[in-house]
Structures are given as C-alpha cells and as structure tokens.
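These notes are about the structure you will find just below.
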Amino acid sequence: MADQLEVAKHRLFDAAELRADNVKLFPGSNRDATKAQMAEQVTKVIAQIETGDFMEINPLEVD
Amino acid sequence: MGYRHIYEQCQKLAPAVSRRKIFPLVLAETGISNIRHVVSTLDVGVCRGLYLSARNTEARFVQQVGGHVIVTARGMNYCWERFVFIKELMHAFDDPESAADSGETFDSQLQDLTGPLTTLSPQGEAEYLSFFMALGILCPESSRLVLQERLAARQIDHYTIALQLRIPELYVPLLFEARYRQLMDKIIASR
Chain A
109 MADQLEVAKH RLFDAAELRA DNVKLFPGSN RDATKAQMAE QVTKVIAQIE TGDFMEINPL
169 EVD
Chain B
14 MGYRHIYEQC QKLAPAVSRR KIFPLVLAET GISNIRHVVS TLDVGVCRGL YLSARNTEAR
74 FVQQVGGHVI VTARGMNYCW ERFVFIKELM HAFDDPESAA DSGETFDSQL QDLTGPLTTL
134 SPQGEAEYLS FFMALGILCP ESSRLVLQER LAARQIDHYT IALQLRIPEL YVPLLFEARY
194 RQLMDKIIAS R
C-alpha cells in the first residue's frame, strides 16, 4: 500500500508531471482512512480528469 | 488584506451566504485568475474533495482544468458540495510555508489527516484552520450570535441552523465551541 503514496507523490510533484505547488484534501467520513487510501484517491482523480471524466460547476451560477 | 478582507466583507451578508458572492471576492483578493470547480468520482469515506494548484502547463491535467482546481465528490448533497468547495477555496490563501508542494510536505499532511491530533505540521494546520475560515464566511458573526442565543434558549436545533446556513449539520457544533471566537480572531490577525 505504500506504493500508492509514492505513485501520488510522483503524479503530483515530479518535474514531468503536474509540478503541484499546493494540494489539500477534505477528509472523508471514515476516521480510519489511511495515508495510502487518501493518496490513492488523489491519483485516481488526476487520471479521471485527464481522461475527461468530470463535470464542471460554475461557482458564479450557484448559491 | 487576504482572508481578513474577505471575512470582513462577508460579515455584511445574510445567510445563506452565496458562492456567487464569495468566489469573486477570493479571486480578486488572491489575484488568481480562475479556480475551476469540477465534480468527479471520489470515495467519500476517504476523501470528499481537494484543492490542487499545478504549474506544469504541458500536463494533460492542467490542459483539461487549468492550474487551480477544486474537485468535489460526485453524489454529495447541496450543503456538502457547497461546504467542501468553500473549505477548499480557503486554500487559495495558503502561504508558501503551509503549502504541500513536495513529497515530504504531502506526506506530513497525510500523516496529520490520518493520525492523532497532536502537533500539526504547517500543512496540517492549514487543513485544520481552513474549516474555521470557511465557517467564518458562511456564518457572519452577527448571525452566529443570534443563533447561539436561540440554541441556548432551546428555540432552535443544529439541523435547523444547518438548513439556514446551508452547511452540513456535522459542522454546526464547531460554531459554538468555546474556542471558536478565539480561533477566528487568531486567523483574522494572521491571514
């Protein structure tokens, strides 16, 4: 499971990848969630967005 | 300037404070040209959303959604989606010291999010304070004081307050904790 953390770090911070200068997370309901599980979610959502699997909300059009 | 300026402007607004009003204030204050809000699949047991700022304009991700993005999980109700978005939006005010911008700082942040609440890293502290920063603008102080009185008089309950503020009921008790005002004053003084 430690691999998940390394994969997320690679996707976020490597020079050829996102080169993230900040990432922050909103934790879920499971208080026993692990670092590896959180990292997995980050990696997964990056891949989903890369492949267009998302919908967009305009914050100026919602209350 | 910074968060304090947004906080002061939102004190003049009546709940439920709208994202239409908060969002342009944050962009103007931070100088960030845009922050995209996208909804995608996340396991809400583990993570309800995230804020991500990325610099590699050649990366597919940045080409899809730009350099500043907030992701919220599919399937959350209106109040959850609103609160997760505003809480993550508060990270636009993170200073470089509290940014998770390397494998090491990301690791520390995850440790703080999943371990016992002891001494927090600057990244973990930013996560913790962002909840209160969001509450500070979604619940103007004058409204909070009225709600606190009505709650004490048993004229209202947490669920009704959540509906008025349009925030998850889970976070209503934070507004009335003894430390709330002290913590907000500290945030306003420093951000």
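Protein chains in written order, with my numbering: chain A, 109 to 171; chain B, 14 to 204.
Note that beta-carbon positions come from the ideal geometry of N, C-alpha and C, so glycine has one too.
Per-residue burial, residue i [other beta carbons within 10 Å of its own, 16 or more giving buried]
| i | result |
| --- | --- |
| A/N130 | buried |
| B/D125 | buried |
| A/M163 | exposed |
| B/K25 | exposed |
| A/Q145 | buried |
| B/A202 | exposed |
| B/T131 | exposed |
| B/V75 | buried |
| B/S53 | buried |
| A/A123 | exposed |
| A/L168 | exposed |
| B/V159 | exposed |
| B/Y184 | buried |
| B/P153 | buried |
| B/Q168 | exposed |
Extent of the continuous beta strand (DSSP E) to which residue i belongs
| i | result |
| --- | --- |
| B/T70 | Run containing B/T70: none; DSSP gives neither H nor E here. |
| B/T85 | 81 to 86 |
| A/I182 | Within the shown structure, residues of chain A are numbered from 109 to 171, placing residue 182 of chain A beyond reach of any answer. |
| B/V52 | 49 to 53 |
Continuous alpha helix (DSSP H) stretch holding residue i: start and end
| i | result |
| --- | --- |
| B/V10 | No answer is possible for residue 10 of chain B: it lies beyond the span of chain B, which begins at 14 and ends at 204. |
| A/D56 | In this structure chain A extends from 109 to 171, so residue 56 of chain A is not present and cannot be described. |
| B/S143 | 135 to 151 |
| B/P186 | 185 to 188 |
| B/I200 | 193 to 203 |
Below-8 Å beta-carbon distance, residue i vs any chain B residue
| i | result |
| --- | --- |
| A/T142 | yes |
| A/Q112 | no |
| A/V115 | no |
Under the three-state DSSP convention, the category residue i falls into
| i | result |
| --- | --- |
| B/A112 | coil |
| A/L120 | helix |
| B/G62 | strand |
| B/S121 | helix |
| A/V150 | helix |
| B/Q168 | coil |
Proximity test, Cβ basis, 8 Å: residue i and chain A
| i | result |
| --- | --- |
| B/D125 | no |
| B/H171 | no |
| B/M112 | The residue asked about is misnamed: residue 112 of chain B is Ala in this sequence, not Met. So, interface residue. |
| B/G149 | no |
| B/K100 | yes |
| B/A27 | no |
| B/V185 | no |
- request: Check distances from the C-beta atoms of the stretch 55 to 78 of chain B to those of chain A and list, in chain order, the residues that come in under 8 Å.
  value: Residues L55, D56, V57, G58, V59, C60, R61, G62, L63, Y64, L65, S66, A67, R68, N69, A72, R73, F74, V75, Q77, V78.
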